[in-house]
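Report on the structure given below.
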Amino acid sequence: MIPFSVLDLSPIVEGGDVRRGLDETLALAQAADRLGYERFWL
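Using the numbering used here, the first residue of the sequence shown is number 680, and each one after it goes up by one.
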């Protein structure tokens, strides 16, 4: 099986703040882990 990775640029949406951006990055990393992705790049 080909190992897949996720690249997240950790964007901060207009009107959002850094904390929200980091929380969304964490949620994406946890979802990627559950789905079996090999790496999570920032």
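Virtual Cβ for every residue (Gly too), placed ideally from N, Cα, C.
Whether Leu721 touches Asp696 by CB criterion (8 angstroms): For the purposes of this step, residue 721 is taken as residue 42 along the sequence shown, with counting starting at 1. For the purposes of this step, residue 696 is taken as residue 17 along the sequence shown, with counting starting at 1. In this structure, Asp696 does not lie closer than 8 angstroms to Leu721 by Cβ.
Expected contact under 8 angstroms - CB spacing of Leu707 and Val685 to nearest Å: Taking the sequence shown and counting its residues from 1, one reaches residue 707 at position 28. Taking the sequence shown and counting its residues from 1, one reaches residue 685 at position 6. Correct: roughly 7 angstroms between the Cβ atoms.
Gly694 versus Ile681 - alpha carbon distance: By 1-based counting over the sequence shown, the position of residue 694 is 15. By 1-based counting over the sequence shown, the position of residue 681 is 2. Those two C-alpha atoms are separated by around 38 angstroms.
Sequence-distant residues of the same chain with beta carbon closer than 8 angstroms to Arg718, five excluded per side: On the sequence shown, position 39 is the one that residue 718 refers to. These residues qualify, in order along the chain: Pro682, Ser684 and Val685.
Inter-residue spacing [alpha-carbon to alpha-carbon] between Ala710 and Arg698: Taking the first residue of the sequence shown as 1, we reach residue 710 at position 31. Taking the first residue of the sequence shown as 1, we reach residue 698 at position 19. Computed Cα separation, rounded: 18 angstroms.
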